[in-house]
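*Asks:* First the structure, then my questions, so here it is.
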Amino acid sequence: MIELGELISSVGGWSNIYVVKDAPNKCVKVLAPHRKYQGEKPDPNLVAKKKYGIDNMLEFEYANYQKIMKCVPDNLKKNFVHIDGMQMTSIGVRGLVMERVMTAEGTTAPSLDHYKGEPLPDAFFCKLEQIRREVFHKHSLDHFGVALRNVLVRDNRTPVLIDFQKNRRIYRSQINLYIPYFTRQKVRRNFQRLYEEAHVQDWTTVKDLHCD
Ligand SMILES: Nc1ncnc2c1ncn2[C@@H]1O[C@H](COP(=O)(O)OP(=O)(O)O)[C@@H](O)[C@H]1O
Ligand SMILES: [Mg+2]
Numbered sequence: 000m001i002e003l004g005e006l007i008s009s010v011g012g013w014s015n016i017y018v019v020k021d022a023p024n025k026c027v028k029v030l031a032p033h034r035k036y037q038g039e040k041p042d043p044n045l046v047a048k049k050k051y052g053i054d055n056m057l058e059f060e061y062a063n064y065q066k067i068m069k070c071v072p073d074n075l076k077k078n079f080v081h082i083d084g085m086q087m088t089s090i091g092v093r094g095l096v097m098e099r100v101m102t103a104e105g106t107t108a109p110s111l112d113h114y115k116g117e118p119l120p121d122a123f124f125c126k127l128e129q130i131r132r133e134v135f136h137k138h139s140l141d142h143f144g145v146a147l148r149n150v151l152v153r154d155n156r157t158p159v160l161i162d163f164q165k166n167r168r169i170y171r172s173q174i175n176l177y178i179p180y181f182t183r184q185k186v187r188r189n190f191q192r193l194y195e196e197a198h199v200q201d202w203t204t205v206k207d208l209h210c211d
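Mapping to numbering that gives the first Met the number 0: the sequence shown position 66 is 65, numbers consecutive.
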């Protein structure tokens with residue numbers, strides 16, 4: 000049983016992230032029900048959750064994470080948050096327990112959209128691009144959440160990817176995302192948008208990467 004500690008974040012709207020009490024190097028993601036979908040068209044997963052208590056979205060995230068990790072070479076493992084798995088929490092719902100990504104100073108690592116430190120060197124974005132090429136592109140996988148807020152800055156050469164959740168429905172028109180070619184195109188566009196929002200060059204077009 001996981002006891003919830005300090006709230007790290009409730010930005011997503013779908014979920015809250017808490018430090019694990021008694022294990023401050025870990026955190027746990029629990030769905031935040033009764034929030035965003037009230038009054039809107041309810042997401043089927045949340046209906047399932049409400050009616051049957053199935054944590055579909057977190058289960059889905061964990062499954063997608065495991066699928067991705069099978070394709071991550073050892074030298075890039077530290078660029079993905081380590082997720083332990085689903086565990087029961089003291090508030091009566093199961094949560095996704097994971098490593099709490101920390102800076103060298105022992106604070107929770109900021110996401111790229113909240114990062115306030117020195118401008119990040121090329122090495123940081125080069126590493127992100129290496130991840131795109133050697134994991135997502137190579138295996139035609141989708142992360143489902145490539146965005147500034149889902150990249151943590153462990154240090155100035157170490158991006159750490161989090162949030163493997165698919166929280167939007169796949170619409171009929173997006174059906175071709177099951178075709179590897181289109182998955183690669185989509186993920187490439189997501190990374191391009193990330194580089195643009197971070198005000199760095201379009202790393203997807205750099206011919207030879209020399210990150211390390
Ligand atoms: N393992 C972690 N270590 C440190 N901070 C985290 C971790 N997981 C999430 N966070 C923080 O919580 C925020 C929301 O978590 P995320 O998994 O992206 O949830 P959501 O699906 O609601 O976007 C992130 O943007 C990040 O700032
Ligand atoms: Mg997120």
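Think of the CB as a built atom: it goes at the ideal place given N, C-alpha and C, for glycine as much as any other residue. Quick caveat, the model's predicted, so the values are computed rather than measured.
1. For the beta strand (DSSP E) that Asp154 lies in, which residues bound it at each end?
2. Alpha carbon to alpha carbon, what distance is there between Glu58 and His81?
3. State buried or exposed for Gln164, treating a residue as buried only when at least 16 other CB atoms are found within 10 Å of its CB.
4. Compute the minimum distance between the beta carbon of Asp73 and the heavy atoms of ligand 2, and state whether it is under 7 Å.
5. Can Val159 and Val100 be called in contact, C-beta distance under 8 Å?
6. I need the boundaries of the beta strand (DSSP E) containing Gln86, first residue and last residue.
7. So, under 8 Å CB-CB, Lys259 and Leu95 are touching, yes? Tell me the CB distance rounded to an integer number of Å.
8. Assuming the contact rule is C-beta atoms closer than 8 Å, Glu196 and Leu147 should be a hit. Round their C-beta distance to whole Å, please.
*Replies:* Checking against the coordinates, here is how it stands:
1. 150 to 154
2. In this model, His81 and Glu58 are separated by some 15 Å (Cα to Cα).
3. buried
4. no
5. Less than 8 Å divides the Cβ of Val159 from the Cβ of Val100.
6. 82 to 87
7. For residue 259 there is no data in the structure shown, the boundaries of the chain being 0 and 211.
8. 6 Å
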